[in-house]
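Residue numbers (the working numbering): 1206 to 1675. For every residue, glycine included, the Cβ atom is placed at its ideal position computed from N, Cα and C. Note that the coordinates shown come from a computational prediction; the quantities given were computed from them, not determined experimentally. Worksheet: the structure to be examined is printed underneath.
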Amino acid sequence: MLINGERTTAIDERVFAVTDPATGEAIASLPLGDLEDVRRAVDGAEATQPGWARTSPRDRARVLTAAAQLIRERVPALARQLTMEQGKILREATDEIRGTANVLEYYAGLGSTFRDEFHRIGRDLDAQVLRQPIGVCAAIIPWNMPALLLAWKAGPALLCGNAVVVKPASTAPLTPLSLAEILHEAGLPDGLLNVVTGPGEVVGEALVAEPRVRKVSFTGSTATGRRVMALAGADIKRVTLELGGSDPMIVCEDADLSAAVAGAVAGRYYNSGQVCTAVKRLFVHETVADEFTRRLTAEVGRLTIGNGLAPETRMGPLNSAGGRDRIRDLVDETREDEAGTIVTGGSEPGGAGHFYEPTVVTDVAEDSRLLKEEVFGPVLPVVRVRDLDEAIARANHSPYGLGASVWTKSHAYMREAAVRLEAGIVWQNLHLKIPPEVPFGGIKQSGLGRENGLQAIDAWSEQKTVLLRP
Ligand code: NAD
């Protein structure tokens, strides 16, 4: 863990192992934090934050710019570390590290646009609206995109003058630790960004329940998000929740099929299917469904699985044995219940790593778990639909509402779908892309609040109204 700018052991000196999901071998040993470690981290953050809040946004932005520069200089080493702890292929890890630098640069750019408001309300009444830091905040992040999600939270939080205590996932904590060290090297005062490693139920909950933590920004599963929201509710803490998704992809009869097949393959199998906004349900117009499925199956069959460090690998292992087992059980259940036809993949290659074959399922039963639950792995259910109306109705038939994509050349179709789809983000002829310039977040059980864009500045600051009668 990293407290007050220094790597430290847990107070009781207990440790846990971080393993490489491609080999099952231990690659690091980290402190197993508990309540006392959370308290130490919050002490440090609380002591440093007021001084940071007094600096100008431009000075704070300078640290983010310097950190982004250091990250860019170290892309190969950071990407390799990310692949080794998380499992994603090196090209995807490299994209994520570069994306992390982009996000910090985006927020650094916003530093020069910060301003408070002034209103002349009446002849003898003026008003100011001051934007102020919230104070000590918690950032709880999952293992699937640990670098990018750290930047989504720490970038705007620090720019707005807050201190942050980060709780990384236990299966991908090394990259967040390295990034926090880089931010300190770039000039961040010690104590402003602490990282406490350890179990979510202990460290995560202690952080959410700690009275001095005023905001919790959580990214993870809907089940944990529910727990976080309940705990944070005791003190009416500010919460941002970025939770699970079951994104639909709709392929219309006029779609460019080659682009749609490529989009489905990237959208589902990127990061071995472990992305909140991955394509998790595919609805294809019946007139193009056979051709589309034939091409999709052929393309998925060509995805070479293996260690993400090997240049020929197109899909790495899943991040954990538990995650792989859940996928295997779901596909086995689908096969046994005859709730779908597995047209490619559907088995475990074996060996020490947590691998599962990229899988496509057709003829999916309407009540299949593949359509009802968030499937966090490389399995794609393909469903035939009569028209756009049916596709939208079925897409909306989900407790989730994160992303959705529509593959069509028709402006009328797109207009209709963009309004009616229940999602926080809707793409036309692409999926997955989330630029930092625009707000991102879910509706329904996919979350609460928005990250990215100018909205992130509102989410990481308090607004105070001052009425003046000079
Ligand atoms: P998770 O909910 O198990 O864990 C997320 C984080 O919360 C980890 O750091 C974990 O240690 C911590 N945690 C666990 N229990 C906790 C508790 N009781 N109190 C506080 N913290 C606790 O999720 P995961 O398996 O790491 O990540 C996968 C999930 O994250 C998927 O559902 C995915 O869709 C979602 N996700 C969402 C987004 C988004 O932006 N909406 C982005 C990435 C991932």
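Check: P1338 C-beta below 6 angstroms from any heavy atom of the ligand NAD: Start at 1 with the first residue of the sequence shown, and residue 1338 comes out as number 133. Flag unset: Cβ of P1338 not near the ligand NAD.
Local conformation of E1571 per DSSP, three classes: For the purposes of this step, residue 1571 is taken as residue 366 along the sequence shown, with counting starting at 1. Looking at E1571 - three-state DSSP - the assignment turns out to be coil, as it is neither helix nor strand.
Distance, V1565 Cα to G1472 Cα: Position 267 of the sequence shown holds residue 1472. Position 360 of the sequence shown holds residue 1565. Their backbone Cα atoms lie some 13 angstroms apart in a straight line.
Identified DSSP bridge partners for Y1605: To locate residue 1605, count along the sequence shown from 1; it is residue 400. DSSP lists K1649 as partners of Y1605.
Distance cut-off 6 angstroms: C1481 Cβ against heavy atoms of the ligand NAD: Residue mapping note: residue 1481 aligns to position 276 of the sequence shown, counting from 1. Yes, the Cβ of C1481 comes within 6 angstroms of a heavy atom of the ligand NAD.
Between the CA atoms of T1224 and A1352 - distance to the nearest angstrom: Position 147 of the sequence shown holds residue 1352. Position 19 of the sequence shown holds residue 1224. If you take the alpha carbons of A1352 and T1224, they lie about 18 angstroms apart.
Residue nearest to V1548 in terms of C-alpha spacing, selected from L1576, H1324, A1515 and P1586: Here the question's residue 1548 lines up with position 343 in the sequence shown. Ranking L1576, H1324, A1515 and P1586 by Cα distance to V1548 puts P1586 first.
Check: K1372 C-beta below 6 angstroms from any heavy atom of the ligand MG: The ligand MG is absent from the structure shown, which contains only the ligand NAD.
Among N1367, R1529 and T1539, the one whose alpha carbon lies nearest that of A1557: As a working note, residue 1557 is residue 352 in the sequence shown. Answer by Cα proximity: R1529.
Neighbourhood of A1460 by C-beta distance below 6 angstroms, restricted to the same chain and skipping five residues each side: One-based indexing of the sequence shown puts residue 1460 at position 255. Correct list, in chain order: W1612 and T1613.
Contacts around T1260, its chain only, beta-carbon distance under 8 angstroms, and the 5 residues preceding and following it disregarded: Translated into positions along the sequence shown, residue 1260 becomes position 55. If we look at T1260 and ignore the five residues flanking it on each side, its Cβ neighbours are G1366.
Test item: CB-CB of S1552 and E1541 under 7 angstroms: Along the sequence shown, one-based indexing puts residue 1552 at 347. Along the sequence shown, one-based indexing puts residue 1541 at 336. The answer is no: Cβ separation not under 7 angstroms.
Touch test, the region 1334 to 1348 against the region 1416 to 1433, Cβ-Cβ under 8 angstroms, three pairs minimum: yes
Near the ligand NAD: T1498 beta-carbon under 6 angstroms from a heavy atom: Within the sequence shown, the letter at position 293 stands for residue 1498. Incorrect: T1498 has no Cβ contact closer than 6 angstroms to the ligand NAD.
Ranges of the alpha helix (DSSP H) found wholly within the region 1270 to 1315, counting only runs of at least 4: 1280 to 1291 and 1295 to 1315
Rounded straight-line distance, which links the Cα of H1559 to that of G1229: Position 24 of the sequence shown holds residue 1229. Position 354 of the sequence shown holds residue 1559. Using only the alpha carbons, I get a separation of about 8 angstroms.
Within 7 angstroms, strictly: CB atoms of L1240 and A1439: The residue given as residue 1240 occupies position 35 in the sequence shown. The residue given as residue 1439 occupies position 234 in the sequence shown. Going by C-beta atoms, L1240 is not nearer than 7 angstroms to A1439.
Alpha carbon of Q1286 to alpha carbon of A1233, nearest angstrom: Translated into positions along the sequence shown, residue 1286 becomes position 81. Translated into positions along the sequence shown, residue 1233 becomes position 28. When rounded, the distance between both Cα atoms is 11 angstroms.
Candidates P1644, E1543 and G1545: closest to L1659 by CA position: Indexing the sequence shown from 1 puts residue 1659 at position 454. Selected option, being the one with the closest Cα: P1644.
T1445 classed as buried or exposed, judged by whether at least 16 other C-beta atoms fall within 10 angstroms: Sequence index remark: in the sequence shown, residue 1445 carries index 240 (1-based). With 16 or more other Cβ atoms within 10 Å, it is buried.
Per DSSP, the bridge partner or partners of Q1333: Here residue 1333 refers to the residue found at position 128 of the sequence shown. F1323 and V1671.
Same chain only: Cβ atoms within 8 angstroms of V1480, ignoring 5 sequence neighbours per side: For the purposes of this step, residue 1480 is taken as residue 275 along the sequence shown, with counting starting at 1. Around V1480: N1349, M1350 and L1637.
Neighbour-count burial assignment, K1669, 16 or more Cβ in a 10 Å radius: As a working note, residue 1669 is residue 464 in the sequence shown. Flag for K1669 reads exposed.
Boundaries of the alpha helix (DSSP H) in which R1463 is found, first to last residue: Position 258 of the sequence shown holds residue 1463. It is worth fixing the name first, because residue 1463 is Ser in this sequence and not Arg. Note, S1463: alpha helix (DSSP H), L1462 to Y1474.
Near the ligand NAD: N1657 beta-carbon under 6 angstroms from a heavy atom: Locating residue 1657 in the sequence shown gives position 452, counting from the first residue. Because no heavy atom of the ligand NAD lies under 6 angstroms away, the Cβ of N1657 does not count as near it: no.
Residue environment, E1310, which counts as buried when at least 16 other CB atoms sit within 10 Å: The residue you call residue 1310 lines up with position 105 of the sequence shown. Buried.
Cβ neighbour criterion (16 or more within 10 Å) applied to G1324: Residue 1324 sits at position 119 when you count from the first residue of the sequence shown. Note that residue 1324 is His in the sequence shown, not Gly. Exposed, since its Cβ has fewer than 16 Cβ neighbours within 10 Å.
Helix, strand or coil at L1393 [DSSP, three-state]: Within the sequence shown, the letter at position 188 stands for residue 1393. Here L1393 sits in coil by DSSP.
Segments of 4+ residues assigned as alpha helix (DSSP H) that fall wholly inside the region 1362 to 1440: 1379 to 1390, 1410 to 1414 and 1427 to 1438
Near the ligand NAD: R1473 beta-carbon under 6 angstroms from a heavy atom: The sequence position of residue 1473 within the sequence shown is 268, counting from 1. No, the ligand NAD has no heavy atom inside 6 angstroms of this Cβ.
Endpoints, the beta strand (DSSP E) within which H1490 is located: Indexing the sequence shown from 1 puts residue 1490 at position 285. Its beta strand (DSSP E) spans residues V1484 to H1490.
T1224 Cβ short of 6 angstroms to the ligand NAD heavy atom set: Taking the first residue of the sequence shown as position 1, residue 1224 is located at position 19. It does not: the Cβ of T1224 is nowhere closer than 6 angstroms to a heavy atom of the ligand NAD.
Any non-hydrogen atom of the ligand NAD within 6 angstroms of W1357 CB: Residue 1357 sits at position 152 when you count from the first residue of the sequence shown. No, the ligand NAD has no heavy atom inside 6 angstroms of this Cβ.
First and last residue of the uninterrupted beta strand (DSSP E) at A1343: Here residue 1343 refers to the residue found at position 138 of the sequence shown. Taken as a continuous stretch (DSSP letters only), the beta strand (DSSP E) holding A1343 covers V1341 to I1345.
Rounded Cβ spacing between R1277 and A1246 (contact assumed at less than 8 angstroms): Here residue 1277 refers to the residue found at position 72 when the sequence shown is read from its first residue. Here residue 1246 refers to the residue found at position 41 when the sequence shown is read from its first residue. Going by Cβ atoms, the distance from R1277 to A1246 rounds to 28 angstroms, so no, they are not a contact pair.
Pair within 7 angstroms by beta-carbon distance, L1183 and E1290: Nothing about residue 1183 can be reported from this structure: the residues present for the chain run from 1206 to 1675 only.
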